[in-house]
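Heads up: the structure comes next, in structure tokens.
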Amino acid sequence: RLVGIWVVMPGALMTYVFGARVRIRGDMIDHSKPALIVMNHRTRLDWLYFWNALFKMDPWLCTSEKIILKGILRLIPGAGWAMACNSYIFLNRRFEKDQSRLHSILNYFAQCGYNYQILLYPEGTDKCPLATERSRKYAEKNGLINYEYVLHPRTTGFVYIIQNMRKAGYIDFLYDVTIGFGDCIVQSEVDFAMHGVCSKDVHYQVKKVKIGDLPLDDEKLANWLITLWRKKEEKLRHFYSKAPSEREFENTPDGRDYEMSKGVYVTQLCIIAFWSLTTLIWLYGFLMVPYMATFSAISCTIFIAIQYRWDGIEWLTIQLFDP
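Mapping to the numbering used here: the sequence shown position 270 is 275, numbers consecutive.
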């Protein structure tokens with residue numbers, strides 16, 4: 006959960022340093038109930054804005070959310086290790102290889118005594134020009150509608166995750182989340198770093214679906230996701246048809262707009278102050294304290310060894326938990 010508390014900082018800095026305004030409305034995500042969150046993947050920064058949105062809705066969600074990511078991200082020194090420590094799920098996007106990994110980690114979540122909300126991007130990647138062209142060719146080849154605002158979702162992994170969580174008795178709700186941008190769309194971390202700008206107006210809509218309302222049959226469940234994405238395309242078409250200053254999603258029947266209370270705002274500032282101070286202390290120690298560089302090198306060596314031997318610290322944990 007310590008990593009979950011840390012994610013509050015980068016999300017908040019997007020607002021306080023770069024001026025991003027994140028708005029979230031709709032149904033409350035219950036941090037005490039296991040669930041699957043599905044969201045369209047417009048940019049590679051969606052998850053960063055989403056941390057800010059979750060903190061507005063309920064700060065505890067930052068500690069209970071788990072993200073399904075591309076497997077290559079686990080190899081990033083430092084950041085990849087931190088995500089592994091938080092038991093994020095890294096997949097190779099080849100179902101025959103990912104199936105056993107999903108089964109093991111979902112069962113681990115179900116048995117460890119904590120309820121998590123797992124974020125899945127059914128599109129498999131962000132809507133960059135290359136992915137958009139691949140989706141267009143896929144639609145053309147299979148006689149499908151060519152989407153303008155989303156990519157065609159991949160259903161195999163979605164169906165497997167839902168059915169596996171059902172079998173483990175570890176899912177109460179599915180949350181359908183839609184992201185849209187009121188101004189410019191900054192596609193990736195590279196664009197963000199090179200130009201020093203980010204989207205200033207980010208919108209999220211959350212719809213809660215009881216798991217009992219989803220089909221039990223695999224094929225019908227896959228078609229349910231396809232239909233959901235078709236509706237999401239129309240929702241986004243309507244969203245982007247408005248002038249930038251007027252863009253917003255409709256609220257759900259029982260939903261509301263979420264803003265931070267004074268207490269939550271103070272908590273956020275305290276978290277930022279804590280991690281900023283911690284970073285400065287570590288930096289001072291690295292530069293001024295003897296053997297700190299050696300300690301850091303040993304730590305990196307341990308993480309690399311665990312990565313090589315067990316494919317990540319999360320899998321070592323799972324093996325120790327259920328040998």
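In this text, a Cβ means the ideal position worked out from N, Cα and C, and glycines have one as well. Model, not experiment: these values are computed from the prediction.
In its chain, beyond the 5 residues on either side, 204, 205, 206, 249 have a beta carbon closer than 8 Å to the beta carbon of residue 188. In the three-state reduction of the DSSP assignment, residue 202 falls in the coil class, being assigned neither a helical nor a strand state.
Around the C-beta of residue 83, fewer than 16 other C-beta atoms lie within 10 Å, and the residue is accordingly described as exposed. Taking the C-beta atoms as reference points, residue 15 is found no nearer than 7 Å to residue 269. Considering only 310, 194, 226, the residue with the shortest C-alpha distance to residue 159 is 226. Around the beta carbon of residue 183, a 10 Å sphere encloses 16 or more other beta carbons of the protein chains shown; the residue is thus reported as buried.
Secondary structure note for residue 272: its alpha helix (DSSP H) is the uninterrupted segment 267-293. Contiguous alpha helix (DSSP H) elements confined to the segment 53-83 occur at 66-69, taking only those with 4 or more residues. If you draw a straight line from the Cα of residue 90 to the Cα of residue 174, it comes to about 25 Å.
By a beta-carbon distance limit of 8 Å, residue 179 contacts residue 43. Their separation comes to about 7 Å.
In this structure, residue 59 sits away from residue 53, with a CB-CB distance that is not shorter than 7 Å.
Contact between the segment 68-76 and the segment 122-133 is present: 3 or more CB-CB pairs across the two stretches fall below 8 Å.
Rounded to the nearest whole angstrom, the CA to CA distance from residue 133 to residue 176 is 31 Å. Nearest Cα to residue 197 within the set 220, 24, 217, 35: 24. In the assembly as shown, residue 71 is a buried residue. Its beta-carbon has 16 or more other beta-carbons within 10 Å. Approximately 6 Å separates the beta-carbon atoms of residue 162 and residue 100; this is inside 8 Å, confirming the contact. Taking the Cα positions, residue 165 is about 14 Å away from residue 40. By the criterion of a C-beta distance shorter than 8 Å, residue 305 is surrounded in its chain by 82, once the five residues flanking it on both sides are discounted.
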